[in-house]
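Visitor:
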Amino acid sequence: MNDVNQLSRRQAIHGLGSGLATAMAAPVVAAPDVQSSKIPESVALVDPTTKYPKPPFKEQPQPWPGLASKMDPRPDHGETSYKGSGRLKGRKALITGGDSGMGRAAAIAYAREGADVAINYLPAEESDAKEVIDLIKKEGRKAIAIPGDIRDEAFCKRLVEEAVKGLGGLDILVSNAARQQSRESILDVSSEDFDATMKTNIYAPFWIIKAALPHLPPGSAIIGTTSEQAYDPSPNLYDYAQTKAATMNYVKSLAKQLGPKGIRVNGVAPGPIWTPLQPSGGATQEKVKTFGGDTPLGRPGQPAELASIYVQLAASDASYATGQVYGAAGGKGQP
Numbered sequence: 001m002n003d004v005n006q007l008s009r010r011q012a013i014h015g016l017g018s019g020l021a022t023a024m025a026a027p028v029v030a031a032p033d034v035q036s037s038k039i040p041e042s043v044a045l046v047d048p049t050t051k052y053p054k055p056p057f058k059e060q061p062q063p064w065p066g067l068a069s070k071m072d073p074r075p076d077h078g079e080t081s082y083k084g085s086g087r088l089k090g091r092k093a094l095i096t097g098g099d100s101g102m103g104r105a106a107a108i109a110y111a112r113e114g115a116d117v118a119i120n121y122l123p124a125e126e127s128d129a130k131e132v133i134d135l136i137k138k139e140g141r142k143a144i145a146i147p148g149d150i151r152d153e154a155f156c157k158r159l160v161e162e163a164v165k166g167l168g169g170l171d172i173l174v175s176n177a178a179r180q181q182s183r184e185s186i187l188d189v190s191s192e193d194f195d196a197t198m199k200t201n202i203y204a205p206f207w208i209i210k211a212a213l214p215h216l217p218p219g220s221a222i223i224g225t226t227s228e229q230a231y232d233p234s235p236n237l238y239d240y241a242q243t244k245a246a247t248m249n250y251v252k253s254l255a256k257q258l259g260p261k262g263i264r265v266n267g268v269a270p271g272p273i274w275t276p277l278q279p280s281g282g283a284t285q286e287k288v289k290t291f292g293g294d295t296p297l298g299r300p301g302q303p304a305e306l307a308s309i310y311v312q313l314a315a316s317d318a319s320y321a322t323g324q325v326y327g328a329a330g331g332k333g334q335p
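In this text, residue positions in the sequence shown follow the UniProt record's numbering: the first is 1, and each later residue adds one.
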């Protein structure tokens, strides 16, 4: 047995030597011309601390739900910066809160990655939503606008039906819309106020996911937008923080339930991101002026900086990622 092994080793070494000799004698094939394929030799580094505006910001109160187009500085959702590479070609996505914030950034990125996109928003956000629809269409993708209030169960069912009909199916669901109102004390939170936040942030995802599930084939992705408030709640966001903890837990629970069906469920937990939630009552005007300044990066994040996370979680090459919550909080911690 040992003699056989020794013979096999000698034969292998001889063969390896012959192979190397042949390779060395073979003609050298020139590498592809990098310049002709227009691949940059390097990508310029960008200092994240100076990439976007820092506080102080001016006071800029808006009525709820607020418009990105009226913010100063205006948020960056990737309108001119996000470049796609076909990672979501042929996919069909429904995004709630797709007019601004992370929902808008995801909608733009998905379209540039080759997906058709339906967005939901409140009628008061029509002007912002129209900009998103135009950007999706500019990429040659199908764009479906479905305005309405997700605090209504009947509308949530209709929202999914219209999205499926308009897109010709559904395989990405981004539950992103949220209500956030700052209140100094629990005594300042009325039952009506509390109910509106719960209906928007907890009931609506429940209704929408239930309606969507029969349409989601294996390989589909559900993404819930949670928040750093889920694990580091602010005293003035008593009700909102509860809902984001709930979002984090439904992500983890549903991932276990839907994993055997081939449907992945993940979450994104943003930190202080520059969106209309803040000036429209999600923060006091004093806090708007210093918003994001307490992070290690010294500024608020921009929705565009989270777009690639939403793409990654929806893409098929992230097929082993489920039940995870991905933080993007400028260094303030992770879920």
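Ideal Cβ positions, reconstructed from N, Cα and C, are used throughout, including at glycine. If you're wondering where the values come from, they're calculated on a predicted model, not measured in any experiment.
(1) Can you give the Cα-Cα distance for Val160 and Thr96, rounded to whole angstroms?
(2) Could you give the distance in angstroms between the alpha-carbon of Gly166 and the alpha-carbon of Ile186?
(3) Should Gly78 and Ala109 be called a contact, given that it needs their Cβ atoms to be closer than 8 Å?
(4) With a 10 Å radius around its C-beta and 16 neighbouring C-beta atoms as the bar for buried, classify Val46 as buried or exposed.
(5) In whole angstroms, what separates the C-alpha of Phe291 from that of Thr275?
(6) Let me make sure I understand the geometry here. Which of Gly327, Gln302 and Ile146 has the alpha-carbon closest to that of Leu313?
(7) Drop a sphere of 10 angstroms on the beta-carbon of Glu228, count the other beta-carbons inside from all chains shown, and report buried for 16 or more, exposed for fewer.
(8) How big is the Cα-Cα spacing for Asn266 and Val311?
(9) Whole angstroms are fine: how far does the CA of Ser308 sit from the CA of Ile263?
(10) For Ser81, count the other beta carbons within 10 Å of its own beta carbon; 16 or more makes it buried, fewer makes it exposed. Which is it?
(11) If you count every other CB in all the chains shown that lies within 10 Å of the CB of Thr197, and 16 or more means buried, which is it?
(12) Give every residue of the same chain whose Cβ lies closer than 6 Å to the Cβ of Ala23, excluding the five residues on either side of it in the sequence, and list them in chain order.
(13) Could you check which residue in Pro75, Ala255 and Asn236 has the C-alpha nearest to that of Thr284?
(14) Assign Tyr121 to buried or exposed, taking buried as 16 or more other Cβ atoms, counted over all protein chains shown, within 10 Å of its Cβ.
(15) Can you give the Cα-Cα distance for Tyr231 and Asp239, rounded to whole angstroms?
(16) Quick one: residues in its chain with C-beta nearer than 8 Å to the C-beta of Gln35, no 5 flanking neighbours on either side, listed in chain order?
(17) So, with DSSP's three-state summary, where would you put residue 357?
(18) Can you list the alpha helix (DSSP H) stretches of 4 or more residues lying completely in the stretch 134-175, in chain order?
(19) Assign Val288 to buried or exposed, taking buried as 16 or more other Cβ atoms, counted over all protein chains shown, within 10 Å of its Cβ.
(20) Which of the three DSSP states is assigned to Val251 in this structure?
(21) Applying the criterion that 16 or more other CB atoms from any shown protein chain within 10 Å of the CB defines a buried residue, is Ser182 buried or exposed?
(22) Let's test the definition: count the other Cβ atoms within 10 Å of the Cβ of Gln278 and tell me whether it reaches 16, buried, or not, exposed.
(23) Go to Pro270, then tell me how far its beta strand (DSSP E) extends in each direction, as first and last residue.
(24) According to DSSP, which residues form a beta bridge with Asn201?
(25) Excluding five sequence neighbours on each side, which residues of the same chain lie with their C-beta closer than 7 Å to the C-beta of Ser127?
(26) My understanding is that Ile172 touches Ala221, with C-beta atoms under 8 Å, so please give their C-beta distance in whole angstroms.
Guide: Reading it off the structure:
(1) Taking the straight line joining both Cα atoms gives about 10 Å.
(2) Computed Cα separation, rounded: 43 Å.
(3) In this structure, the beta-carbon distance from Gly78 to Ala109 falls below 8 Å.
(4) By the beta-carbon neighbour count (other beta carbons within 10 angstroms, threshold 16), Val46 is exposed.
(5) C-alpha separation (whole angstroms): 11 Å.
(6) Cα-wise, what sits closest to Leu313 is Gly327.
(7) The residue in question, Glu228, is buried, as its Cβ has 16 or more Cβ neighbours within 10 Å.
(8) In this structure, the CA atom of Asn266 is about 12 Å from the CA atom of Val311.
(9) For Ile263 and Ser308, the gap between their C-alpha atoms comes out near 20 Å.
(10) Exposed: under 16 other Cβ atoms inside 10 Å.
(11) Buried, since its Cβ has 16 or more Cβ neighbours within 10 Å.
(12) With a pLDDT of 38 at Ala23, under the threshold of 50, the predicted position of this residue should be treated as unreliable, though the coordinate-derived value follows. No residues qualify anywhere along the chain.
(13) Measuring from the Cα of Thr284, the nearest candidate turns out to be Asn236.
(14) By the neighbour-count criterion, in which a residue is buried when 16 or more other Cβ atoms sit within 10 angstroms of its Cβ, Tyr121 is buried.
(15) Tyr231 and Asp239: Cα-Cα distance of roughly 14 Å.
(16) Reliability of the predicted coordinates at Gln35 is poor, the pLDDT of 42 falling under 50, and the value obtained from them is presented with this limitation in mind. Within the same chain, Gln35 has no close Cβ partners at all.
(17) This structure cannot settle anything about residue 357, because the visible part of the chain is limited to 1 through 335.
(18) Whole alpha helix (DSSP H) segments, 4+ residues: 153-167.
(19) With 16 or more Cβ atoms within 10 Å of its Cβ, Val288 is classed as buried.
(20) In the three-state reduction of the DSSP assignment, Val251 falls in the helix class.
(21) Result: buried.
(22) The residue in question, Gln278, is buried, as its Cβ has 16 or more Cβ neighbours within 10 Å.
(23) Taken as a continuous stretch (DSSP letters only), the beta strand (DSSP E) holding Pro270 covers Arg264 to Pro270.
(24) In the DSSP assignment, Asn201 is bridged to no other residue.
(25) Result list for Ser127: Leu67 and Ser69, in chain order.
(26) Contact between Ile172 and Ala221 holds, with the beta-carbon distance rounding to 5 Å and staying under 8 Å.
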